[in-house]
Each structure stands twice: as C-alpha cells, then as structure tokens.
Amino acid sequence: MSGNEIKYFRPALGSGSPTQAAPLPSIKRRDFLKIMGWGTVGVTLAGCDLPTTVTLEEGKETVVSYLSPEEYVIPGIGVWYASACLQCQAGCGIHGRVREGRALKLEGNPDSPVNRGKLCQMGQSGVQTHYNPDRLSKPQLRKDGKLVDISWDEAWKVLEEKVGAAADKSAGARVAWFTGTVSGHQAVLIGEHLDALGSKRHFVHEAINNAVGRAVNQDVLGEAMPRLAIDKAKLVLSFGADFLGTWVSPVHFATEYAKFRSGARGVLVVAEPKMSLTGANADLWLAVRPGTEGELALGIAHALMKSGVSVPEAARAAVTAYEPAKAAEITGISVQRIEQVAALLKQHSPSLVLAGATVEGQEQGYQAASAVMLLNVMLGNVGKTIVSRGEFPFPQLKPRTGNTRDLVAFAAAAKDKALDVAFFYGANPVYTAPASLGLVEALQHIPFKVVLTQFPDETAAQADLVLPVASSLEDWGTHVADYQPEQGVITFQQPLMEGLYPGTPGVGDALLKLLKMREAQKYGAFNDYFSYLQNAVASLPEQYKAGGLTNKQLWEQTLQKGLLTVDSAPGSLKTNVSAITLGEVKTDAEYPLRLIPSPRLGLWDGRHANIPWLQEAPDQISKVVWDSWAELHPSTAARLGVQEGDVVEIASAHGAIKVKVYVFKGVHPDAIAVPLGQGHEDYGRYAKGLGVNPLKILSPAVDAKTGELALYSTRVKATRTGVHEELVKEGRDNTSQRGRKLVATITAEQFRRTEGV
Amino acid sequence: MSLDNLTKDWSRYRKGIEEGGFHNYQHRWGMAIDLNACIGCNACSTACYAENNLAVVGKERFSKGHYMHWMRIERYWDEDQAKAEFPTQGANFLPMLCQQCGAAPCEPVCPVAAAYHTPDGLNAQVYNRCIGSRYCSNNCPYRVRYFNFWSYYESAWPEPLNMQLNPDITVRDKGVMEKCTFCVQRIRTAKDAAKMENRKVKDGDVTTACAQACPTNAIHFGDLMDAESAVTKLWAKHQVKRHDDEGLPVSTQHKQNPALRGYRVLEELNTDPSVMYLERVREELA
C-alpha cells in the first residue's frame, strides 16, 4: 500500500557477471515452438526476431546482486512485485511486499481477473510456506535404508546415472512422473522430459478435485470447464459444491458471490450431508441423506416436470421414476421442501445448479452429477449462467488436472512392477491415498523414487532421493488455472526474493537439468528456467506484441502485471443429455454411517497442515483449532451415548481412526464428518502428530463411469471409547447471541425494497 | 493524552467518557462491515496475523484463551431453531475487532494511560507504558484486547519464520496488552506520503490488511471526517451517526428509515464505536 509501482525481479545469481550468450539450438521451428509451450497452434514467428537466450539489454544481461540495488529500492520502503499464488490450483495473482530483500506480506493482484485483488487465508499464508522452519535445505539419499544428507553434486550425479543419457534407453518407458495439478511451462517441461525418456506415464493426483464434474460437463456441455456466471444467477442451488470454500476457484467465486448478493440479491439454497462454508451462508440449508443427492435432484426435476417444465427425452424415464414422495423417502428431504425448491427454481430464472464433491464422490457419482446437470438443462441455464469459455489458445500450457483415478492407476502400476523410476512433485500420495490402495507397499516395488519437495512429508519419507526445491516465492513459472474467468489468463510467477537455501533449484531449473541429461543439444542453450521463460515470452505470437512492443518490453510488462491475458473465442455449449440410472441406495447394517472426509478452506488436502497460522485459524464452522474432530448429529451422538470431546472409534472395513466428537446439527444423522488435513505422521513440527487422517480408512470403491475414487461412499460405524479430551475451540461454547443485537438480520424482501436495484 | 496532562488532571481524565470523549479530531478512522457480504472465510483474520506480527500460541495456550487474534470471526446459530432437527439457514458470522470506540471503556480505567485516544480517533495502546493490569481488557465489552501472558516471541517464530515479521511494527513481550490498531502503520505511511506531496490523505490511500484481503469486499475502511470517503457515505446512507456529529451525550439512532441496515454492536452501552455493521440478509423460506 505504499503506492509504489509494481516492479519486476532481477535474479541475483552472482555478483555482476554477465551470463554467457549462447546461440539458439539448431532445431526445427516446430520443435522449438513445442519446447516453448506454444506448440500445436498456428503461430507466426517473425524471422528477424528469433530470440536468443539473452534477450535483454542488447544481447547481454547483467545480473545484479543486492550489493548494487536498483534505484527504486530504498531501505525502509517496501517494493511490491507481482507473482502467482501456488497454495491451491485456482491460479490467483499476488503482489508481494519486499523490504530489505525479504518477502513480508502477500496481497491479491488487482489486475488478475481470477482473484481481483483479493486473497484467501491459504494465499495469505504463502509466506509461512516459504519461511517454514521445517523446509528441507539439502538433498537426501537413501543409504543402507536411511535418508542421509548429500551434496547437490552427488544428487545430480545419482540422477545422471538413473535417468541420464547413459542410462538404458529402453528403460525410459519405465519412468513415471507423479504430480499434483501442473500447468504452464512446468507442464510443458514435464511432458518434454517424459517424451525424452519415451514414457507416457504422467500421473496427476489431487484429493480435492472435480474430475467427475469435468467429465459430466464434457459429456453434456461439450466443455470440461465452462464459465459459471454466479453473479448472473438469481438463484444458486448447490449440491455440496463449496464454491466459497474449497471448490474450484474459491476466491474468484467469492467475488462473484458478493455481486450475486447485492442489488436484486440472489437466493442461495444448499443441499448437502454436512454443512460446508457455502452451506453456512445459505438462505435455505437442506440436510440430505449422504449419497442421495442424485435422487434429490431427480425429485426436484420431477416436481418441475409436473409444473410444466419440459424434460429431455433421454432423461424422462429417470425423472418420471422419482416422484417427490419417493425422493423424499430416500433423501430425507420432505415433499414440501422438494416442491418448494422446484418452485423457487422456476420463480428465479436464470438459476445455477452446482454439484460438488459429496455428489461426485459416490459409486454412482457420475450419474448423480448428471442428474444435477439435468436441472440446469431443464431450467434453461445453459448459455445463461453456464457459458462457454472457449478453447484455451495454448493447449500445451493447459493444466493437467488432478484426480484420484491416476492415484489408483499409479498404485496398480507400482504393484505390477511396471515402474523403475518415479518422480514425485506437488503431491503427497502416501498421505492422501487410502490405506486400502496399498500404496506404501506398492512403492517398495519402485526401485528408485525421487521426491521434489520443500518439506519432509510422508512421500519424501519413502523416497530414495529427496530433492529440496525452491518455494513458490523463490521460483519462476507460468500457471494456467483450469477455471478461467471472463478473461483467459496465464499467471506469471517471479521470485520475490533470493532463495533461502543456496543450491536449491527451482522446479523448472530441476526439470531443465533433467532434460539436459537426456537431450543436451536441444536444451543446452537455456542457461536456466529464467532464460527459458524469457525465450518463451519472446517467441509469443506476434499479436501479443501489438503496438510494436520489443521482446524486452513485453517481458517487463508481463512481469510487472504478473499475468498475460490471452484470447479464446467462446464457442457455444451443447445440451447433450443422456439417460441417467441411479441404482438402489445400499444400506449396511454393520456399518450404518457414511464417512464424510470434509475438505477445509485452510488445511486443504493436508498440504497446509504445516502452516501455524492455518492450524491456529479456527475452522469456519466448528471453530476448532489444532485438531481433528468428528461431526455428529445430536441424535447420533445420543444414540452412541457421547458428548462433545468424547473420543469415538470410527471403523470402516479398511481401518479405524479415533477422534473427538463435535456435536452439530448441520450434519445428517446418517453421516459422520471428519475434516481433511490432519493426521500427519511427518511433515514438520506444526503438522506431525495432530488429529487423524480420514482418507486412510476409505474404501477403494470407484465411480463406475469415470474410475474416480468414491471418496464419500465409505460406510463406517462409530463406537464410544470412554476416553474424553477437551476439544479446543475458539469462543468455547458461545454459539448463542443471547438476545443481544450482535448479528442482526433483515429479510431479503426488505433489503430489496431499500437497497435493491 | 500525555502522561503530564494525566497527572495534572486525573479526575477530568477519568470523567472524560461522560463528557463524550475527545472531539478535536484530525481524522476519524472508521469501518463499515457488511454482514450480507461476509462469508466467514477467515481471510481477514489471517491477513491480520501476517500484517501485525500476531503470535501463534499453540493448542495448549489456545485452550486457556491466551490467543492473540485481533480479528476473529464469531459464529452464532439461530436461536429460534434450537428445537429444530437441522438448521434451515446458514450461520451468523460476525467479524469482531476493536471497535475503536469514541467513548472507549478501556481508556479511562488504565492506571498508567497506556490505553489512550489518538487525535485520529483510535484507541491506541502504548506498549512501553503498559504494566499489564488488564483493567482495559476487563472493561472491554467486545473482548478484543489480547494480553501477552507469555513471551511468545520465544516460540512463535522459529527461524526463519521470523524473517516474515513486519519491520514497521513491534513484536510484543510478556505482560503487555495488545489489540487491533486499524493497521496504524499503514495509516502512518499514507499520512507521510500525503505530507510529502503536500496534500491531505484521500480516500483509498490507506486500507487495513483485513479489508484488503476480504474476498467479498465486506469490510470498508476510511476516514469518517472525510465527507467524500466511501465509509462516510455508507454511514450516511444507513443513517448511523457518531456522538460528536451532534455532540450527543449518548448514542442515539436517528434513523428516518428503520429498514436501513446500519447498526453498531452493543451501542446501547454508549461506547460510540467506529465500526458500523450492516445487517445480515436472509430470505424467509423456512
């Protein structure tokens, strides 16, 4: 806020020595574009403007250290740099305040169409990921069964032996990358590395994902990730899609929500088995029996049909089968409520109906999510509140979106002894994989496991070689979010400061190093990822240099803004509805409850459990800190004879966890919700040994259509252990306003009268 | 109030609150928090930790109430649904921070005038003067003063976490009371910048960390003395008035239109808060 201009960072690699100019590799233009990430598009390159690795300042780049600071660096005055937030996959832009060479505070980048200057608590905590006291600073190699510190030279030598040019060529196909969602030039280089090895094995895993929803979108609408115009909707009906907290692009949707709630003020109805942050903001909240959201959607569709809304022919049988009375019996939502929601949907047009993880994470998740999408089709929302985003112009840079199908496939490949070398980056599968997948045992069949990470996480503990990488505030990169707002955007990441641990490479640098081991000729010209990215920007299609921008100007402008806006012409969406078949809802006498491994805005899938701010930030709903808890409906708690703080054992057919009870009405009596994020066996001082990890006891059941793990389908039983421990919460048991005017409420009708438009 | 004045005119100082407090303001920093927009996400609170060197205390100390979050989200459930099986609406979220009262109950009880009123209308806390009597905290109806029961710096920022500490402000030690300052360091920077340019601080020059982070723009910050500021306009739009607008001895609502959403929490206590809340809005669907 010091009113400073946003600057861009000059990496201080040495003191004052110019990097060597190197000629471009003599490779074909098409190959060059592929390396640069602009491949497979009709790009015209200006012949005279072919970049070299040294594009700045007349062919020479002088690298400046802090010994001779830039003139805008004044001691005591902060300078703001634009960069990218990597705390989740939403692709928010950030501004980082830097003073005396230290990154201090992160804010949202107002120029970013994703987060519009705003930043969630996970983004705010980026500095604590960066300065985390448990970051790894030295590479480690497994010797005699134990990980021991080694030098970087030794680490690269080991890698050269395993995956370098001298390594057996035919073995390349037995190398795999296992990552979280990756995009931009990082994804390009991972792809290039696998190509260079002759392998196609890139497994992409995220425990919090919307893979089933993307599949439904693709099949029904023809686009996996269309734009959702929440602000244009007059009513949003969410089936467990926690778009304000943990779903797809929470900060972006929160900014849209603010518009949605102003003026004419849209209505928010949420149906889910456990109240999410979005549910906690609903005008009408419906506790649906877990695993029956699809039936509820069809019941609402039936009520709409009876009131004259036409049903696509393919889905008519399914809709006809679920009269509200039948849907009510299955879902626990009364006929009157079902009809009320149908009436509201009809009355508030256009609306927007969303399906989230609790719908999708079922054995019939695809079918249930299709039933939810059917409502959008019936209500005519497609084209109004669900609109085409168009094809991203640079397919190579598009995100490889994470899912759980790849986790299953990876465990199977490892078990089949199909892999010799596995690289892990941006994922912690040993923590996120259900024990029933047998991943830890399967990993024993991969002879050489390389983990690129900042932290000693559970996967690093299984590694043969651990390579510490730069934090997101020390690294270069480009990132493309799966969900693109009105304006398509590539977010640029630049270091806010020098690396805390000398020698620790950026992820891109590590990838280039691996590539050079295999194809020295093709990649030798790039000194580092920084020069690679400069070349990438310089080789952008001409249209990005409008107004006669030189390569240098384009590079500086892009870094100062922290993003590059791209054009993608929106097409039009289809409404290709297929038949929907929901089977019988199964019950299990032995395991009567459903386990809801509920994601938290904060600890996310567990990756932020090592951030002290987020551990101490109370959960939005339960207000619990530094712990796990099991949310039980009062009636369930009474049946088990437990109260808040009593420890229950939650057992599935695949394992058991012991956790303290939190009695809460916002959870269905047939469900027991345990939040994600805790239960780390490793991962540093702030994470280790706190709470439990509900993912561990999940069943390996998958969605029949997509093969995604049915994360919300595991049946469990809960039993009292007799142990009692205090649950540490903010505000203790202070949940009532006791008649005081603390949070006052007026009706929406009144609001529209006085403030509506 | 300086310590000199304090000792000279002790009884007048103690009675200052009954006279309506300090009136000769240069600025009057204030907020409007729209509960229709607030989603209870906690971004504001974490932003405050990052900006103001707030210590993380750990589970054990948290359980004793020794936490230090200057900005917290209170969460209440509807009382009329106590007998219902499920909540039919969401929660009631209330971002709670120091209300920077015009007639602050915390100020006159301080035996050493560590809690004092600035010419900007802030309830400031002079850490060096504070002896840790905790009278101020006891007297605060909003429970927004936080006491350093421990030397948190010994454990809260193991290296290199300490490198993140904001050099514009201090790290507090044991025995000292601390509280929300409306990001006074940002206000200071903005005032200095304006002075260098020989102009007045204008709306938008300064915002607090919480307001800047808030994804739904629920928090508005600005100068209530500046007729052009967005906050002043919001207060006027919702017909909420400060004491000194009319020299009122007690807080009185003069709303022509009672349907307007503006109110101040516990204003019946005559604390004259600088934070106006806008009522939450819900459909009547239950």
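Top to bottom, those sequences are chains A and Z.
Going by my numbering, the first sequence opens with residue 255, and the numbers climb by one from there.
Going by my numbering, the second sequence opens with residue 3, and the numbers climb by one from there.
Heads up, the beta-carbon is just placed ideally off N, CA and C, and yes, glycines get one too.
Cβ of residue i within 7 Å of any chain Z Cβ
{"i": "Cys374(A)", "result": "yes"}
{"i": "Thr1008(A)", "result": "yes"}
{"i": "Ile700(A)", "result": "no"}
{"i": "Pro364(A)", "result": "no"}
{"i": "Ser990(A)", "result": "yes"}
{"i": "Asp670(A)", "result": "no"}
{"i": "Lys359(A)", "result": "yes"}
{"i": "Gln932(A)", "result": "no"}
{"i": "Pro1034(A)", "result": "Nothing can be reported for residue 1034(A): it is not among the residues displayed for chain A, which extend from 255 to 1011."}
{"i": "Lys919(A)", "result": "yes"}
{"i": "Ala518(A)", "result": "no"}
Separation of residue j from residue i, as counted between CA atoms
{"i": "Ala344(A)", "j": "Met33(Z)", "result": "30 Å"}
{"i": "Gly332(A)", "j": "Pro364(A)", "result": "18 Å"}
{"i": "Ala469(A)", "j": "Thr435(A)", "result": "16 Å"}
{"i": "Gly562(A)", "j": "Glu549(A)", "result": "20 Å"}
{"i": "Leu278(A)", "j": "Glu773(A)", "result": "In this prediction, Leu278(A) has a pLDDT of 46, which is less than 50 and means its spatial position is unreliable; nothing more can be read from the coordinates."}
{"i": "His384(A)", "j": "Gln378(A)", "result": "11 Å"}
{"i": "Gly778(A)", "j": "Glu752(A)", "result": "24 Å"}
{"i": "Val902(A)", "j": "Gly933(A)", "result": "16 Å"}
{"i": "Arg396(A)", "j": "Val402(A)", "result": "6 Å"}
{"i": "Tyr937(A)", "j": "Ile328(A)", "result": "38 Å"}
{"i": "Ala115(Z)", "j": "Tyr148(Z)", "result": "17 Å"}
{"i": "Ser726(A)", "j": "Tyr679(A)", "result": "13 Å"}
Assigned secondary structure, residue i (DSSP; H/G/I helix, E/B strand, else coil)
{"i": "Leu963(A)", "result": "strand"}
{"i": "Ala357(A)", "result": "strand"}
{"i": "Pro683(A)", "result": "helix"}
{"i": "Ala676(A)", "result": "strand"}
{"i": "Tyr129(Z)", "result": "coil"}
{"i": "Arg543(A)", "result": "coil"}
{"i": "Glu526(A)", "result": "strand"}
{"i": "Leu491(A)", "result": "strand"}
{"i": "Val589(A)", "result": "helix"}
{"i": "His556(A)", "result": "helix"}
Of the listed residues the options, nearest to residue i (C-alpha basis)
{"i": "Ser882(A)", "options": "Ile865(A), Leu857(A) and Gly610(A)", "result": "Leu857(A)"}
{"i": "Val970(A)", "options": "Tyr845(A), Met376(A), Ser588(A) and Thr960(A)", "result": "Tyr845(A)"}
{"i": "Glu984(A)", "options": "Ala52(Z), His68(Z), Pro160(Z) and Val173(Z)", "result": "His68(Z)"}
{"i": "Arg266(Z)", "options": "Ala57(Z), His71(Z), Tyr279(Z) and Asn272(Z)", "result": "Tyr279(Z)"}
{"i": "Asn44(Z)", "options": "Ala213(Z), Asn272(Z), Arg131(Z) and Ile133(Z)", "result": "Ala213(Z)"}
{"i": "Thr48(Z)", "options": "Cys346(A), Gly347(A), Met376(A) and Cys342(A)", "result": "Met376(A)"}
{"i": "Arg659(A)", "options": "Gly347(A), Asp957(A) and Trp292(A)", "result": "Asp957(A)"}
{"i": "Gly692(A)", "options": "Val878(A), Arg481(A), Leu395(A) and Ile951(A)", "result": "Ile951(A)"}
{"i": "Glu935(A)", "options": "Val928(A), Gly945(A), Ala518(A) and Pro929(A)", "result": "Gly945(A)"}
{"i": "Ser472(A)", "options": "Val982(A), Ala525(A) and Tyr620(A)", "result": "Reading the sequence as shown, one finds Gln at residue 472(A) and not Ser. Comparing Cα positions, the closest option is Tyr620(A)."}
{"i": "Leu930(A)", "options": "Leu766(A), Arg861(A), Leu451(A) and Ser366(A)", "result": "Arg861(A)"}
{"i": "Cys342(A)", "options": "Ser437(A), Val879(A), Tyr798(A) and Lys400(A)", "result": "Ser437(A)"}
{"i": "Ala461(A)", "options": "Gly445(A), Asp422(A), Val502(A) and Leu448(A)", "result": "Val502(A)"}
7 Å Cβ cutoff, residue i in contact with chain A
{"i": "Lys193(Z)", "result": "no"}
{"i": "Gly147(Z)", "result": "The identity of residue 147(Z) in the sequence shown is Arg, whereas the question assumes Gly. Not closer than 7 Å to any Cβ of chain A, the Cβ of Arg147(Z) fails to qualify, so no."}
{"i": "Asn140(Z)", "result": "no"}
{"i": "Phe184(Z)", "result": "no"}
{"i": "Ile41(Z)", "result": "yes"}
{"i": "Ser276(Z)", "result": "no"}
{"i": "Met3(Z)", "result": "With a pLDDT of only 48 at Met3(Z), under 50, the local geometry of the prediction cannot be trusted, and no value is derived from it."}
Environment of residue i [buried if 16+ CB atoms lie within 10 Å]
{"i": "Val521(A)", "result": "buried"}
{"i": "Gln747(A)", "result": "buried"}
{"i": "Lys359(A)", "result": "buried"}
{"i": "Lys671(A)", "result": "exposed"}
{"i": "Ser588(A)", "result": "exposed"}
{"i": "Ala582(A)", "result": "buried"}
{"i": "Ala84(Z)", "result": "exposed"}
{"i": "Asp859(A)", "result": "buried"}
{"i": "Ala238(Z)", "result": "exposed"}
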